[in-house]
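Here is the structure we will look at.
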Ligand SMILES: Cc1ncc(COP(=O)(O)O)c(C=O)c1O
């Protein structure tokens, strides 16, 4: 039998060359000041904090910082290995076979996977058309006797849609009236101009998922969690597998970053906005490319390339291998529309955006169905 080569692993490729890659594929933040975190971790290492277990329920100081950051004093704060772990826990705890969750397509599909693992199913409302978000009316229409939860990711990954206060209130009130859990995933809320938390409109039934991966530039330390009123929190936290606590150095890093955030974040936001403005300007000059939603209220948006007939996966590979620029093909985020787009995040230094702007049209031309096998390589 002829030997078959393993499929191309973009992440393996990018991690092997991490110091040369412009990382715009995972909505990570490369702008948050690193000094406070580096100092705090260095001190914790010096004190050999890693030799002992952390305080299992999580550092009380960290919990207080999170509660203060969200202004939700009536909530318990669960500390987990990223928002991801909290999402898994809540799906496991609150859902079972036959249950339905109102959600969307596109969406952050890992949450959908967790829901399916619990035996429930997602009802994915198509959002790849204006207003690119759920509305109270659409949520209402989708509810059935089996509905147990509404998933409100605000801002929404990957489109960057932000919810106006009236819609957050409307959706939360539906959840309250129908006694449904409202999953309010706020991972990107610091990038939004006017974010509204759902919790005050449905305090007993809202689970607010938070993360320091994107706002504080700490994706690698894996720390996030959830906020919920005690009764709901206790139902969820029974499913915590991290019984001995979350990585002590991660908690130290999160405390330092959250303490620095009020002063540091405005500059991060300014640069993030400027970067998306520059990309928006450039897209105007790229034929067959469009931004369905601009401005994004997150630190990412999608570039629609359907008119060019380009396969997003082929474009992702071309950008990565030929230009060292890592974006994410749409199929990771949308079963129905993933063939139309590629996602770019832009909390990056301006030099990264320069490289992206130079590479994108060249890579696009090279991956068009009519393109010759060997396309020009942009200067690095
Ligand atoms: C909407 C959404 N929720 C949660 C997460 C996971 O965040 P964490 O890194 O805290 O696990 C992501 C990560 O991309 C996300 O996009």
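Numbering (this note's numbering), first residue to last: 371 to 750. Here a beta-carbon is modelled for each residue, glycine too, at the ideal position from N, C-alpha and C. Just so you know, these numbers come straight off a predicted model, no measurement behind them.
Helix, strand or coil: how does DSSP classify residue i here?
i, result
"residue 499", "coil"
"residue 529", "coil"
"residue 390", "helix"
"residue 601", "helix"
"residue 472", "strand"
"residue 440", "helix"
"residue 419", "helix"
"residue 373", "coil"
"residue 404", "coil"
"residue 460", "helix"
"residue 568", "coil"
"residue 454", "helix"
"residue 588", "coil"
"residue 486", "helix"
"residue 478", "coil"
"residue 560", "helix"
"residue 381", "helix"
"residue 435", "helix"
"residue 426", "coil"
"residue 748", "Note on residue 748: pLDDT 47, under 50, position unreliable in the model; the coordinate value appears next. Residue 748: coil per DSSP, three-state reduction."
Suppose the cutoff is 8 Å on Cβ atoms and the five residues either side in sequence are ignored; what does the same chain contact list for residue i look like?
i, result
"residue 740", "none"
"residue 563", "532 and 667"
"residue 620", "451, 588, 591, 592 and 593"
"residue 465", "471, 485, 488, 489, 490, 518 and 519"
"residue 708", "476, 682, 699, 700, 701 and 702"
"residue 442", "567, 569, 578 and 597"
"residue 750", "Summary for residue 750: the model assigns pLDDT 39, below 50, so the residue's position carries little reliability, and this model does not support an answer."
Across which residues does DSSP place residue i in a beta bridge pair?
i, result
"residue 595", "449 and 580"
"residue 670", "715"
"residue 399", "717"
"residue 491", "470"
From what residue to what residue does the beta strand (DSSP E) around residue i run?
i, result
"residue 517", "517-523"
"residue 723", "Careful: residue 723 lies outside any beta strand (DSSP E), inside the alpha helix (DSSP H) at 720-737."
"residue 551", "551-555"
Taking the alpha helix (DSSP H) that residue i falls in, what are its first and last residues?
i, result
"residue 510", "506-512"
"residue 645", "618-654"
"residue 659", "No alpha helix (DSSP H) holds residue 659; DSSP gives it neither H nor E."
"residue 608", "From DSSP, residue 608 is part of no alpha helix (DSSP H); its letter is neither H nor E."
"residue 675", "Segment: none, residue 675 is in no alpha helix (DSSP H) and carries neither H nor E."
"residue 542", "535-547"
With a threshold of 6 Å on Cβ separation, who are the neighbours of residue i within its own chain once the five nearest residues in sequence on each side are excluded?
i, result
"residue 428", "449"
"residue 493", "470, 472 and 512"
"residue 434", "none"
"residue 407", "623, 626 and 627"
"residue 342", "Nothing about residue 342 can be read from this structure; the chain reaches only from 371 to 750."
"residue 583", "589"
"residue 460", "577 and 606"
"residue 684", "737"
"residue 393", "696"
"residue 498", "707"
"residue 401", "638, 641 and 717"
"residue 645", "716 and 723"
Once you ignore the five residues that flank residue i on each side, which residues in its own chain have a CB closer than 7 Å to its CB?
i, result
"residue 381", "none"
"residue 713", "528, 670, 672, 697, 698, 700 and 703"
"residue 509", "472, 520, 541 and 544"
Determine whether the Cβ of residue i lies closer than 8 Å to any Cβ atom of chain C.
i, result
"residue 438", "Of the protein chains in this structure there is only one, and it is not chain C."
Identify every run of the alpha helix (DSSP H) within the segment 677-722, keeping only runs that are complete inside it and at least 4 residues long; order them along the chain.
For the segment 677-722, whole alpha helix (DSSP H) runs of length 4 or above, ordered along the chain, are 682-693.
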